[in-house]
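Visitor: Start counting the sequence shown at 51; every next residue gets the next number (our numbering).
Idealized CB from N, CA, C, for every residue including glycine.
Let me give you the structure first, and then I'll get to my questions.
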Amino acid sequence: MEPVAEPVDTRPRLRLTLERCLELALDQNLDLQHARLEPGLYEGDLLSQRGEYDPVAYATGTRRSVHSQSSSSLAGAAILNDDVWAATVGVKGTWLLGTTWDFNFESNRDENNNSFSTLNPRWNSSFGFSVRQPLLRNAWMDYNLITAHITKLNQRSAVSRVGQTSAETLYAVELAYWTLVNAYRQKEVKDRALELARRLYEVNRNKVKAGALAPIEELRAESEVASQMEGIILAGNDIEDAMDELRRLIMPWQRRDSWDVVIEPADDPAFEARAVDVEAAVQDGLAHRPELEQHRLTIETSKLNEKRYRREQWPTLDLTGSLRYAGLGVNFGDSLEAINTSNYDTWEIGLIFEYPIGARAAKGGILRSENERRRAELSLRSQEQVVVLEVRDAAREMNSAAQRIEATRTAARLAQRASEAERARFERGLTTSHSLLQYLRDQTDAESNAAKAVVDWLIAQLKLRKATGRLLTERAERR
Numbered sequence: 051m052e053p054v055a056e057p058v059d060t061r062p063r064l065r066l067t068l069e070r071c072l073e074l075a076l077d078q079n080l081d082l083q084h085a086r087l088e089p090g091l092y093e094g095d096l097l098s099q100r101g102e103y104d105p106v107a108y109a110t111g112t113r114r115s116v117h118s119q120s121s122s123s124l125a126g127a128a129i130l131n132d133d134v135w136a137a138t139v140g141v142k143g144t145w146l147l148g149t150t151w152d153f154n155f156e157s158n159r160d161e162n163n164n165s166f167s168t169l170n171p172r173w174n175s176s177f178g179f180s181v182r183q184p185l186l187r188n189a190w191m192d193y194n195l196i197t198a199h200i201t202k203l204n205q206r207s208a209v210s211r212v213g214q215t216s217a218e219t220l221y222a223v224e225l226a227y228w229t230l231v232n233a234y235r236q237k238e239v240k241d242r243a244l245e246l247a248r249r250l251y252e253v254n255r256n257k258v259k260a261g262a263l264a265p266i267e268e269l270r271a272e273s274e275v276a277s278q279m280e281g282i283i284l285a286g287n288d289i290e291d292a293m294d295e296l297r298r299l300i301m302p303w304q305r306r307d308s309w310d311v312v313i314e315p316a317d318d319p320a321f322e323a324r325a326v327d328v329e330a331a332v333q334d335g336l337a338h339r340p341e342l343e344q345h346r347l348t349i350e351t352s353k354l355n356e357k358r359y360r361r362e363q364w365p366t367l368d369l370t371g372s373l374r375y376a377g378l379g380v381n382f383g384d385s386l387e388a389i390n391t392s393n394y395d396t397w398e399i400g401l402i403f404e405y406p407i408g409a410r411a412a413k414g415g416i417l418r419s420e421n422e423r424r425r426a427e428l429s430l431r432s433q434e435q436v437v438v439l440e441v442r443d444a445a446r447e448m449n450s451a452a453q454r455i456e457a458t459r460t461a462a463r464l465a466q467r468a469s470e471a472e473r474a475r476f477e478r479g480l481t482t483s484h485s486l487l488q489y490l491r492d493q494t495d496a497e498s499n500a501a502k503a504v505v506d507w508l509i510a511q512l513k514l515r516k517a518t519g520r521l522l523t524e525r526a527e528r529r
């Protein structure tokens, strides 16, 4: 079997460190960009809610013409004609205390055919204000700000979800990076195994030609070469799969020229033995996992909703008041001068009381809020259990992966020595190529396991950092 040259890969190549991949993902990952827009939605809600307290300027204008029959000789005319022009301008609004207010100016011109009218036409103008202050239901800032507080809690939850998505993105990128590193290393092991199989095939073929070996030994060696070539093909597919996943996470897929770029990892996996304090890691996870923060915020939101609905069961007791200065004249100017004297005023003060009979809407809201709070509390406790289990599992996996590294390295060294000894025996004719091939396969498997063990340790360490919620904070500390 003649060696088959691998086709030359002419695709563009890009050598990337893990840190550069993380930077690209934070800048370009589509899922992360989508998540970052959510807090802005609540910022818009907050602005809209503040807008409810913006004052409103208004103006109205009317004309009214009345023609009516008179029923009395004292009416001033047999048929009364009354022509009225009226206009109002003002500003009104609501304050955070629940106060509604209205400042306005009114003026009207009245012209009629009443013979008893002393002013005709007459101008009637007035300026004043009115106010209504809730004292029980809908009263004071703590109630009127509940909706804004809930929106802020939702915004904090959205920010927490951005952090969670960022951490998941960093985790996915680092996992894809080390998976690609492992795929390259596995192919290197397969390449060495193929080279050893080819050498054995050449030796056996020459010995068969010389009559020193049976033809079956050449066939066995040739079969091993084919088997190793299959392994290289599969390893190449693993590399492409790993590259696709990394490309998806760090590259803008709308650019076709980035689809086929060959990513070459610039970082080698390194092992540094370290002990894991499981209890401290568990406390880290309970303190920093964004999922727990989101459940806590949901509990706070439910409490605020419950408070709002309980207040809506209260009766309405509103204090109302108004003050108005009026003026009358034959023209507009005279009516304004009369207002300016402040001699003609009208004031009013009163109370409005309403009692909600049944209040089933509020009671239903309370019931729902209570159940939502209980559900959120149970979800928090359940998620805390999940976090504890994830941390403990990741810590065990990291410790076992560290132990596996030394074991697989020792196994790889021993397998290499055993295969070298078996090769020496084969060259002296003391063993068969079938036995030597088995030793070579054992060596390949041991080298593959040793290469994978370091990557597995890095991935286990990555899982522990994710489980403790420290991916973002550690990155911020490094920067």
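Determine, using beta carbons only, whether residue 462 and residue 496 come nearer to each other than 7 angstroms.
Guide: Closer than 7 angstroms, so yes.
Visitor: How should residue 530 be labelled, buried or exposed, when 16 other C-beta atoms within 10 angstroms of its C-beta is the threshold for buried?
Guide: A question about residue 530 goes unanswered here, because the residues of the chain that appear run from 51 up to 529.
Visitor: Give the range of the alpha helix (DSSP H) segment to which residue 377 is assigned.
Guide: Residue 377 -> not in any alpha helix (DSSP H); beta strand (DSSP E) instead, spanning 366 to 379.
Visitor: So, does the stretch 188 to 196 touch the stretch 259 to 278, judging by three or more C-beta pairs under 8 angstroms?
Guide: These segments do not touch.
Visitor: Of the residues 493, 519, 523, 513, which one's Cα is nearest the Cα of residue 241?
Guide: Of 493, 519, 523, 513, the residue nearest in Cα terms is 493.
Visitor: Given a threshold of 16 other Cβ atoms within 10 Å of its Cβ, counted over all protein chains shown, does residue 105 qualify as buried or as exposed?
Guide: Exposed is the call here.
Visitor: Rounding to the nearest angstrom, what Cα-Cα distance links residue 197 and residue 221 in this structure?
Guide: When rounded, the distance between both Cα atoms is 36 angstroms.
Visitor: With 16 other CB atoms within 10 Å as the buried threshold, where does residue 507 fall?
Guide: Answer is buried; the Cβ neighbour count reaches 16.
Visitor: Does the Cβ-Cβ distance between residue 278 and residue 250 come in under 7 angstroms?
Guide: No, the Cβ-Cβ distance between residue 278 and residue 250 is not below 7 angstroms.
Visitor: Can you say whether residue 382 is buried or exposed, counting buried as having 16 or more other CB atoms within 10 angstroms of its CB?
Guide: Exposed, by the Cβ-count rule.
Visitor: How many angstroms separate the CA atom of residue 21 from the CA atom of residue 356?
Guide: Here the chain comprises residues numbered 51 to 529, so residue 21 is not present and cannot be evaluated.
Visitor: On the three-pair Cβ rule with 8 angstroms, is the stretch 71 to 83 touching the stretch 220 to 235?
Guide: Result yes; three or more Cβ-Cβ pairs closer than 8 angstroms.
Visitor: Identify which residue in 325, 322, 228, 59 has its Cα closest to the Cα of residue 316.
Guide: Looking at the Cα atoms, 228 is the closest of the given residues.
Visitor: Let's see if you can read the secondary structure: which residues bound the alpha helix (DSSP H) around residue 437?
Guide: Run containing residue 437: 410 to 477, per the alpha helix (DSSP H) assignment.
Visitor: How about residue 169 and residue 380: do their beta carbons lie closer than 7 angstroms?
Guide: Contact: yes.
Visitor: If you draw a straight line from the C-alpha of residue 129 to the C-alpha of residue 175, how long is it?
Guide: Their backbone Cα atoms lie some 27 angstroms apart in a straight line.
Visitor: Using only the alpha-carbon positions, how far apart do residue 404 and residue 440 sit?
Guide: Going by the C-alpha atoms only, they are around 55 angstroms apart.
Visitor: Report the three-state DSSP secondary structure of residue 495 (helix, strand or coil).
Guide: Here residue 495 sits in helix by DSSP.
Visitor: Are there 16 or more other CB atoms within 10 angstroms of the CB of residue 345, so buried, or fewer, so exposed?
Guide: Residue 345 is buried by the Cβ-count criterion.
Visitor: Just reading off the alpha helix (DSSP H) that residue 64 is part of, what are its end residues?
Guide: First-last for residue 64: 63 to 66, but that is the beta strand (DSSP E), not the alpha helix (DSSP H).
Visitor: Cβ of residue 4 within 7 angstroms of Cβ of residue 63?
Guide: Any property of residue 4 remains undetermined from this structure, which presents the chain solely from 51 to 529.
Visitor: In three-state terms, what does DSSP make of residue 525?
Guide: Here residue 525 sits in helix by DSSP.
Visitor: Does residue 511 pass the burial test, meaning 16 or more other C-beta atoms within 10 Å, or should it be called exposed?
Guide: So residue 511 ends up on the buried side.
Visitor: Hey, would you say residue 149 sits closer than 7 angstroms to residue 183, going by beta carbons?
Guide: A contact, by the Cβ cut-off of 7 angstroms.
Visitor: Kindly indicate the opening and closing residues of the beta strand (DSSP E) around residue 315.
Guide: From DSSP, the beta strand (DSSP E) with residue 315 extends over 312 to 315.
Visitor: Which same chain residues, not among the five before or five after residue 156, have their C-beta less than 6 angstroms away from its C-beta?
Guide: So the qualifying residues of the chain are 138, 176.
Visitor: Using a Cβ-Cβ cut-off of 7 angstroms (strictly less than) and excluding sequence neighbours within five positions of residue 321, which residues of its own chain qualify?
Guide: Contacts found: 455, 504, 507.
Visitor: Note the first and the last residue of the continuous alpha helix (DSSP H) segment covering residue 154.
Guide: Segment 150 to 162 is the beta strand (DSSP E) holding residue 154; no alpha helix (DSSP H) there.
Visitor: Can you give the Cα-Cα distance for residue 152 and residue 369, rounded to whole angstroms?
Guide: Rounded to the nearest angstrom, the two C-alpha atoms are 15 angstroms apart.
Visitor: For residue 318, which of helix, strand or coil comes out of DSSP?
Guide: Correct three-state label for residue 318: coil.
Visitor: Assuming residue 140 is part of the beta strand (DSSP E), what are its boundary residues?
Guide: From DSSP, the beta strand (DSSP E) with residue 140 extends over 129 to 144.
Visitor: Could you have a look at residue 262 and say whether DSSP puts it in helix, strand or coil?
Guide: Reduced to three states, the DSSP call for residue 262 is coil.
Visitor: What does the Cβ neighbour count give for residue 329, buried or exposed, with the cut at 16 atoms within 10 Å?
Guide: It counts as exposed.
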